[in-house]
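In the numbering used here, the protein residues as written are -11 to 217.
Idealized CB from N, CA, C, for every residue including glycine.
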Amino acid sequence: MKTIGILGGMSAASTQTYYRELCRLASERLGGLHSPELLIRSLDFARIETLQKAGEWERAGEILQAEARALERGGAAFIVLATNTMHKLAGQMMEGVGIPLLHIADATAARIHATGMRRPGLMATAFTMEQSFYTDRLHAAELHPFIPRAGDRAETHRIIYDELCRNIVNERSRDAYVAIATRLIEQGADSLILGCTEVGMLLNQGNVAVPVFDTTLIHCEAALEAALA
């Protein structure tokens, strides 16, 4: 089994899901007392979020690059960046790193494409919904993403940072997310990408009327497959 290098803490809530889900998948796949070989570097998200707000993405990229190199030195065979938003910096992060990155958008796009869906709605941070670093990879996989309207994007983003990243689950916010997802479906979305690693705390197949693709769970499944290959 190869060692998975997880760069997380962005937020801590989602990184906990990565650890729990990878352990569950390894146990189901291998049985007995098996668990995954992991290296986890969990960052102080307050530091990263401050840089995001200030638009200091290059500095944030320098931090991620240093941590990716540390995971390589520690013996990781590949890197899982446990956040959708920070894939904005994937290119800078991987400069000079000799092991590959398992890109969350590519894993998600491949899963959606395999099901025959082509018009996914995307609920994520404003960075992910409004900038091209993520949607470009969906388009490259012949998908046509639907993005929420401006007010819905703002509310989706607010709930992620003010609540979910703090491990706060609010039923009113769940209702708001369901309403936003419903509007995307009414616009023509045939599926829904939970495009922030925290969105799955509120939405799942039980409260969305179209197929749901949880990027966190898909990323974990792809990581275990890569580790066992």
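Collapsing the DSSP output to three states places G(-7) in a strand. Per the coordinates, the alpha-carbon of H91 lies some 17 Å from the alpha-carbon of R57. Contact between L126 and A97 holds: their C-beta atoms lie close to 5 Å from each other, under 8 Å. Ranking R35, S120 and E83 by CA distance to the CA of A93 puts S120 first. Of the other Cβ atoms in all chains shown, fewer than 16 fall within 10 Å of the Cβ of N192; this residue is therefore exposed. Three or more beta-carbon pairs separated by less than 8 Å are not found between the stretch 172 to 186 and the stretch 18 to 25, which leaves the two stretches without contact. Here F134 is bridged, per DSSP, to G109. The Cβ atoms of D178 and R107 lie closer than 8 Å to each other. Between T116 and N155, the C-beta spacing is not below 8 Å. Bridge partners of S179 according to DSSP: P108. Look at L27 here: in three-state DSSP terms it is strand.
Taken through DSSP and simplified to helix, strand or coil, V187 comes out as helix. Collapsing the DSSP output to three states places V198 in coil. DSSP links V85 through a beta bridge to no other residue.
Contact check for L52 and L(-5): beta-carbon distance about 7 Å, within the 8 Å limit, so the pair qualifies. Taken atom to atom, the span from the alpha-carbon of E60 to that of L27 is near 10 Å. At a Cβ-Cβ threshold of 8 Å, A164 and E130 do not count as neighbours. The three-state reading of DSSP puts I36 in helix, counting H, G and I together. M82 and P133 have their C-alpha atoms spaced approximately 26 Å apart.
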